[in-house]
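Taking the UniProt record's numbering, the leading residue of the sequence shown gets 1, the next gets one more, and so forth. For each residue, glycine too, the CB sits at the ideal point set by N, CA and C. Please read these numbers as outputs of a predicted model, since none were measured by experiment. Note sheet for the following structure.
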Amino acid sequence: MSTLMRTETKMTRRKTVLGPGYREQYLALFREALSCAARGELDEVAIPSYTHPNPLIRWLFWRRIEMALRMISGASGKAVLDFGCGGGVTFSYLASKGHAITGVDPLAVPLARKSCDFMELESNLTESIETIPEQSQDIILALDVLEHIDDLDGTLASLARVARRPCLLVISGPTENLLYRAGRRLAGFSGHYHVSNIYDIETAVHRRGWLLDRSVSLYNPIPLFRVTRWWMG
1 MSTLMRTETK MTRRKTVLGP GYREQYLALF REALSCAARG ELDEVAIPSY
51 THPNPLIRWL FWRRIEMALR MISGASGKAV LDFGCGGGVT FSYLASKGHA
101 ITGVDPLAVP LARKSCDFME LESNLTESIE TIPEQSQDII LALDVLEHID
151 DLDGTLASLA RVARRPCLLV ISGPTENLLY RAGRRLAGFS GHYHVSNIYD
201 IETAVHRRGW LLDRSVSLYN PIPLFRVTRW WMG
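Structure (C-alpha cells):
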C-alpha cells in the first residue's frame, strides 16, 4: 500500500473536511443557474438536489460529497481528475489542498467554469476524457456519474488509461432500492437517468483491476448511496 494510502486512511477519521460557508458559495451560483435553465435541464448533474428546498435531501447530497472528500483528505499537491464534475462542487476543497484540478463533464463545463471564475480557482475543464494524457492523474473522483453511462466498461477503460500508478479512485452512486426510488419521487424527480446501480458499478470496477480499500453506506440498514475508495498499483 502506498504512503498516500496509509496517510489518507488515517485522515478519514476527521468529522468534517468542508469548512464553514463551503456550501453557501456554491448555492448562490447554482440557484442562479437554475433560474436561467429550462425545467429539468440540470437534473442530470444534480444541481436541483444540492439546492433542494427540503433540507434533508439537500443535506444528503452534500453529505455524499463530504464522505468522498474525506477519503482523499490525507493527500495534497496531486493531480486530481473529477470525472462528471458537474458544477465543480469539489473544486474549492481540491484547490485548498494544492491539487491540480481537471474536470470532465459533457453537460456542465460552462457551469463549472463559472464556479472557477467566481472563486478564482485554476482548473483544466474539458467535455471529454479522451483529451487527458495517459497516466497523468494521481486521484480520480467519479461521484454519482457512472450510473448515467451506457458504455460503463469503455468509460472505466478510459479512467484506467489516465491513472498514474499508484492511483486512488473514489466512486459513489445510488443503490436504486425501493426506498431510494420512493425518495426520488417524493423529492419531485421523475426522470429515468440511471442505467445501472452502484453494486453493478463496483463489480465492473473490480473487474478492471481496482482493489477495494474502503466503503461507506449512506445509511444502513437500508442504504440510499454507497461511497467507495479503490486503489490500483
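Query	Result
Quick one: using the 10 Å Cβ neighbour count with 16 as the cut-off for buried, is Thr7 buried or exposed?	At Thr7 the pLDDT is 37, less than 50, meaning the model places this residue with poor confidence; the figure from the coordinates comes in the next sentence. Its Cβ having fewer than 16 others within 10 Å, Thr7 is exposed.
Pull up the distance between the alpha-carbon of residue 250 and that of Asp151, whole angstroms please.	Outside the shown range of the chain, which is 1 to 233, sits residue 250, and nothing can be said about it.
What whole-angstrom Cβ distance do Pro166 and Gly233 have, given they're in contact under 8 Å?	5 Å
Using alpha carbons as the reference points, say which of Asn197, Val170, Arg161 lies closest to Glu176.	Asn197
Under 8 Å by Cβ, that's how I've got Ser115 and Gly88 pegged, so tell me the actual separation to the nearest angstrom.	4 Å
Does DSSP classify Val45 as helix, strand or coil?	helix
Under 7 Å between the Cβ atoms of Arg23 and Phe225?	no
In terms of residue numbering, what span does the beta strand (DSSP E) encompassing Pro166 cover?	163-174
Given a cut-off of 7 Å on the beta-carbon distance, is the pair residue 234 and Val109 in contact?	Coverage of the chain is limited to positions 1 through 233, which leaves residue 234 absent and any answer about it impossible.
Helix or strand or just coil, what does DSSP make of Met67?	helix
Going by DSSP in three states, Gly154 sits in which element: helix, strand or coil?	helix
Does the Cβ of Val195 have 16 or more other Cβ atoms within 10 Å, making it buried, or fewer, making it exposed?	exposed
On the CB-based measure, 16 or more other CB atoms within 10 Å of its CB, does Arg70 come out buried or exposed?	buried
Any idea what DSSP makes of Asp200, helix, strand or coil?	helix
Where do the ends of the alpha helix (DSSP H) carrying Val195 lie?	Segment: none, Val195 is in no alpha helix (DSSP H) and carries neither H nor E.
Could you pull the start and end residues of the alpha helix (DSSP H) that Ser76 belongs to?	From DSSP, Ser76 is part of no alpha helix (DSSP H); its letter is neither H nor E.
Please work out which residues of its chain come closer than 6 Å, Cβ to Cβ, to Met1, disregarding the five sequence neighbours upstream and downstream, and give them in chain order.	Any answer about Met1 is weak, because its pLDDT of 44 lies below 50 and its placement is not dependable; what the coordinates show is given next. There are no such residues.
Using the Cα positions of Tyr26 and Gly154, report the straight-line distance between them to the nearest angstrom.	32 Å
Which of the three DSSP states is assigned to Ala142 in this structure?	strand
Spatial neighbours of Ser217 within its chain, please: CB distance less than 6 Å, with the 5 preceding and 5 following residues excluded, ordered by chain position.	Pro223, Arg226
Determine whether the beta carbon atoms of Trp73 and Val17 lie at a separation below 7 Å.	Note on residue identity: the sequence assigns Ser, not Trp, to residue 73. Closer than 7 Å, so yes.
Leu141 and Phe83 look like a contact to me (Cβ under 8 Å); what is the Cβ gap, rounded to whole Å?	7 Å
Give me the DSSP bridge partner(s) of Asp82.	Gly103, Leu141
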